[in-house]
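Numbering (my numbering), first residue to last: -10 to 328.
Here a beta-carbon is modelled for each residue, glycine too, at the ideal position from N, C-alpha and C.
Everything on this sheet refers to the single structure shown next.
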Ligand SMILES: [Zn+2]
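Take a look at the structure:
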């Protein structure tokens, strides 16, 4: 099969790799119908050390089951399935609490920009969707693999509801879908911090009531002005860089919650008096939870939400390098990959 491999900064190649096979009785092989490029893929795309072996790329996909191991009972050949960006058994003590990203027998995908994927723990991981390969819903279903469930995780862990004001930091796909998730959970005041107008316009359509294009101290001052000088009850940090975290500290209200779902590109950050003195809660993390896919799927199937609007470009698998380039250059918000 063909698969996307990164060899170093900017060096994306699509090359032949061995076809995935069932190796354990709990495995399935899924033929990829749609994959995509994630904002988090851009971190290694920009800074990965050059390596002669390369590393396979991608963690988001939807597809059709081609083969299953002898113990797989919930999906069968021909089923259309959604995979969140982690795999898990859905039976261990963490999975039973809903935290499938901490599954004792799980892991994270890193090979899905390809023609097919080996899915470990297929019964726990894969969620069936009653659609065909030509469904107009494919882009929206693909967001259940990462960007929508990640935005939803930010909103859920922050405790967003009808009584909380919300500030979303970041106008990438996760930020825009965090707006959608906050709106879906009942938030009435949603401030979106982002400076790309085409993106923040989409954010307004998803439910943002205010847009703040300024960053740093100026951006913080704007949010404080919009919130009576006190800041926002909940802050959904959807970027991962230090300035976005510092901005979160600046716009959160006393007693509020910051939830981070952008993968932090730092190890050290201010977490002493900046959080303590004002009773701030810091939460967030990877949100590849099965319950989110199951909860959000009906809204997508019935057309109540259309998260697939974040995709503004499609490339063939052979042109995946062009998808990375377009996202890196901010020409594209999110790129769909079609094997
Ligand atoms: Zn588990």
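Legend entry - C-beta atoms of residue 316 and residue 31 nearer than 8 Å: Taking the chain shown and counting its residues from 1, one reaches residue 316 at position 327. Taking the chain shown and counting its residues from 1, one reaches residue 31 at position 42. Taking 8 Å as the Cβ cut-off, residue 316 and residue 31 qualify as a contacting pair.
| said: Rounded to whole angstroms, what is the Cα-Cα separation between residue 260 and residue 234? | reply: Translated into positions along the chain shown, residue 260 becomes position 271. Translated into positions along the chain shown, residue 234 becomes position 245. Taking the straight line from one Cα to the other gives about 10 Å.
- Lining residues of ligand 1 - beta-carbon closer than 7 Å to any non-hydrogen atom, in sequence order: 77, 78, 79, 80, 81, 83, 84, 89, 92, 93, 94, 95 and 113
- [ ] Assign residue 94 to one of three DSSP states: helix, strand, or coil.
- [x] Taking the first residue of the chain shown as 1, we reach residue 94 at position 105. Three-state DSSP puts residue 94 in coil, outside helix and strand.
(request) Can you give me the start and stop residues for the beta strand (DSSP E) that residue 69 sits inside? (result) As a first step, residue 69 must be located in the chain shown, where it is residue number 80. Counting along the chain, the beta strand (DSSP E) containing residue 69 begins and ends at 69 to 72.
In terms of DSSP beta bridges, what is residue 56 paired with? For the purposes of this step, residue 56 is taken as the residue at position 67 of the chain shown. DSSP output for residue 56 lists 18 as bridge partner(s).
Which same chain residues, not among the five before or five after residue 102, have their C-beta less than 6 Å away from its C-beta? What you label residue 102 is simply residue 113 of the chain shown in a count that begins at 1. Same-chain partners within the cutoff: -7, 24, 46, 47, 309 and 326.
### Task
Answer with buried or exposed for residue 90, where buried requires no fewer than 16 other C-beta atoms within 10 angstroms of its C-beta.
Sequence index remark: in the chain shown, residue 90 carries index 101 (1-based). Counting Cβ neighbours within 10 Å, residue 90 comes out buried, since at least 16 surround it.
Q.
Buried or exposed for residue 167, going by 16 or more other Cβ atoms inside 10 Å?
A. In the chain shown, counting from the first residue as 1, residue 167 sits at position 178. Result: buried.
Where the alpha helix (DSSP H) through residue 316 begins and ends
Residue numbering aside, residue 316 sits at position 327 when the chain shown is read from its first letter. Element bounds for residue 316: 309 to 317.
Residue 279 beta carbon less than 8 Å from that of residue 119:
Reading the chain shown from its first residue, position 130 is the one you call residue 119. Reading the chain shown from its first residue, position 290 is the one you call residue 279. Contact flag unset, no.
Exercise. Any chance you could list the beta strand (DSSP E) runs of at least 3 consecutive residues sitting entirely within the region 130 to 185, in chain order?
Key: 155 to 158 and 179 to 182
- [ ] Indicate the three-state DSSP secondary structure (helix, strand or coil) for residue 238 in the structure shown.
- [x] One-based indexing of the chain shown puts residue 238 at position 249. Note: residue 238 maps to helix in three-state DSSP.
Less than 8 Å separating the beta-carbons of residue 138 and residue 276? Locating residue 138 in the chain shown gives position 149, where the first residue counts as 1. Locating residue 276 in the chain shown gives position 287, where the first residue counts as 1. Going by C-beta atoms, residue 138 is nearer than 8 Å to residue 276.
- Of the choices 257, 227 and 243, whose alpha-carbon is the least far from that of residue 250? Locating residue 250 in the chain shown gives position 261, where the first residue counts as 1. If we check each option's Cα against that of residue 250, 227 comes out closest.
(Q) I'd like to check one pair, residue 247 with residue 237: are the Cβ atoms closer than 8 Å? (A) Sequence index remark: in the chain shown, residue 237 carries index 248 (1-based). Sequence index remark: in the chain shown, residue 247 carries index 258 (1-based). Yes, the Cβ-Cβ distance between residue 237 and residue 247 is below 8 Å.
* To do: Would you tell me roughly how many angstroms separate the C-alpha atoms of residue 290 and residue 39, rounded to the nearest one?
  => Within the chain shown, residue 290 is the residue found at index 301, counting from 1. Within the chain shown, residue 39 is the residue found at index 50, counting from 1. Each residue's Cα considered, the two are about 42 Å apart.
Exercise. Between the C-alpha atoms of residue 284 and residue 41, what's the straight-line distance to the nearest angstrom?
Worked result: Within the chain shown, numbered from 1, the residue matching residue 284 stands at position 295. Within the chain shown, numbered from 1, the residue matching residue 41 stands at position 52. When rounded, the distance between both Cα atoms is 42 Å.
C-alpha gap between residue 170 and residue 198, whole angstroms:
As a working note, residue 170 is residue 181 in the chain shown. As a working note, residue 198 is residue 209 in the chain shown. Rounded to the nearest angstrom, the two C-alpha atoms are 14 Å apart.
Requested in this report: Express the C-alpha separation of residue 78 and residue 269 in angstroms, rounding to a whole number.
Outcome: Here residue 269 is taken as the residue at index 280 of the chain shown, counted from 1. Here residue 78 is taken as the residue at index 89 of the chain shown, counted from 1. Cα-Cα distance, rounded: 34 Å.
Taking contact to mean at least 3 C-beta pairs separated by less than 8 Å, is the region 293 to 313 in contact with the region 92 to 100?
no
Closest by CA to residue 88, which one among 146, -4, 295 and 256? Translated into positions along the chain shown, residue 88 becomes position 99. Nearest option by C-alpha distance: 146.
Since residue 224 contacts residue 240 with CB under 8 Å, what's their CB separation in whole angstroms? Within the chain shown, residue 224 is the residue found at index 235, counting from 1. Within the chain shown, residue 240 is the residue found at index 251, counting from 1. 6 Å between Cβ atoms; contact.
Roughly how many angstroms separate the alpha carbons of residue 111 and residue 142, rounded to a whole number? Residue numbering aside, residue 111 sits at position 122 when the chain shown is read from its first letter. Residue numbering aside, residue 142 sits at position 153 when the chain shown is read from its first letter. Rounded to whole angstroms, residue 111 to residue 142 spans 22 Å at the Cα level.
task = Could you check the C-alpha separation between residue 188 and residue 136 for me, to the nearest Å?
result = As a first step, residue 188 is located in the chain shown; it is residue number 199 there, counting from the start. As a first step, residue 136 is located in the chain shown; it is residue number 147 there, counting from the start. Whole-angstrom Cα-Cα distance: 15 Å.
Exercise for the section: Specify, as a first and last residue, the run of the alpha helix (DSSP H) that residue 262 falls within. Expected result: Counting from 1 along the chain shown, the entry for residue 262 is found at position 273. It spans 262 to 265 - the alpha helix (DSSP H) in which residue 262 sits, taken as one unbroken run.
Practice task
Say whether the region 51 to 71 touches the region 9 to 25, bearing in mind that this needs 3 or more beta-carbon pairs closer than 8 Å, one atom from each stretch.
Solution key: yes
Exercise. Would you mind stating whether residue 71 and residue 282 have Cβ atoms separated by less than 8 Å?
Key: Locating residue 71 in the chain shown gives position 82, counting from the first residue. Locating residue 282 in the chain shown gives position 293, counting from the first residue. In this structure, residue 282 lies closer than 8 Å to residue 71 by Cβ.
Where residue 27 sits in the DSSP three-state scheme | Position 38 of the chain shown, counted from the start, is the residue given in the question as residue 27. Residue 27: coil per DSSP, three-state reduction.
Considering Cα atoms alone, identify which of 162, 157 and 186 is closest to residue 180.
For this step, residue 180 is matched to residue 191 along the chain shown. The shortest Cα separation from residue 180 among 162, 157 and 186 belongs to 157.
Going by beta-carbon coordinates alone, are residue 324 and residue 1 separated by less than 8 Å? Here residue 324 refers to the residue found at position 335 when the chain shown is read from its first residue. Here residue 1 refers to the residue found at position 12 when the chain shown is read from its first residue. No. Outside cutoff.
Item checked: Environment of residue 232 [buried if 16+ CB atoms lie within 10 Å] -> Numbered from its first residue, the chain shown carries residue 232 at position 243. Exposed, since its Cβ has fewer than 16 Cβ neighbours within 10 Å.
Output the distance between the C-alpha atoms of residue 152 and residue 200, rounded to the nearest integer angstrom. Counted from its first residue, the chain shown places residue 152 at position 163. Counted from its first residue, the chain shown places residue 200 at position 211. Using only the alpha carbons, I get a separation of about 20 Å.
Notebook entry, point to check: Can you tell me whether DSSP reads residue 65 as helix, strand or coil?
Noted result: Residue 65 sits at position 76 when you count from the first residue of the chain shown. Coil at residue 65, not helix or strand.
task: Look up residue 332 in the DSSP assignment and give the residues it is bridged to.
output: The structure shown does not extend to residue 332, since the chain is modelled only from -10 to 328, so the question has no answer here.
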